[in-house]
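Reviewing the structure listed below.
Numbering (the numbering used here), first residue to last: 208 to 263.
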């Protein structure tokens with residue numbers, strides 16, 4: 208099981224997302240970013256940071 212903690216990205220909260228693959232966690236993060244963080248578009252840098260922060 209893989210995981211991502213928003214705190215690891217320097218965000219002010221510690222939501223932890225889990226999934227079986229990097230793609231599943233990315234889908235969950237994108238949904239979270241659009242809904243809760245008002246980030247309708249993610250930059251390439253943000254996507255890179257998310258991928259590098261996923262714990263395997």
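All C-beta atoms in this analysis are idealised placements derived from N, C-alpha and C, irrespective of residue type, glycine included.
Separation of residue 213 from residue 219, as counted between CA atoms: Locating residue 219 in the chain shown gives position 12, counting from the first residue. Locating residue 213 in the chain shown gives position 6, counting from the first residue. The straight-line gap separating the alpha-carbon atoms of residue 219 and residue 213 is approximately 8 Å.
Rounded C-alpha distance that separates residue 248 from residue 262: For the purposes of this step, residue 248 is taken as residue 41 along the chain shown, with counting starting at 1. For the purposes of this step, residue 262 is taken as residue 55 along the chain shown, with counting starting at 1. Residue 262 has its alpha-carbon roughly 23 Å from the corresponding atom of residue 248.
Whole-angstrom C-beta distance between residue 224 and residue 235, which should lie under 8 Å: Against the chain shown, residue 235 aligns to sequence position 28. Against the chain shown, residue 224 aligns to sequence position 17. Yes, they are in contact, since the Cβ atoms of residue 235 and residue 224 sit about 5 Å apart, within 8 Å.
Selected residue, minimal CA-CA separation from residue 208, among 216, 229, 215, 217: Here residue 208 is taken as the residue at index 1 of the chain shown, counted from 1. Minimum Cα distance to residue 208 is reached at 229.
Own chain, CB closer than 7 Å to residue 165, minus 5 neighbours either side, in chain order: Outside the modelled stretch of the chain, which goes from 208 to 263, sits residue 165, for which no answer is possible.
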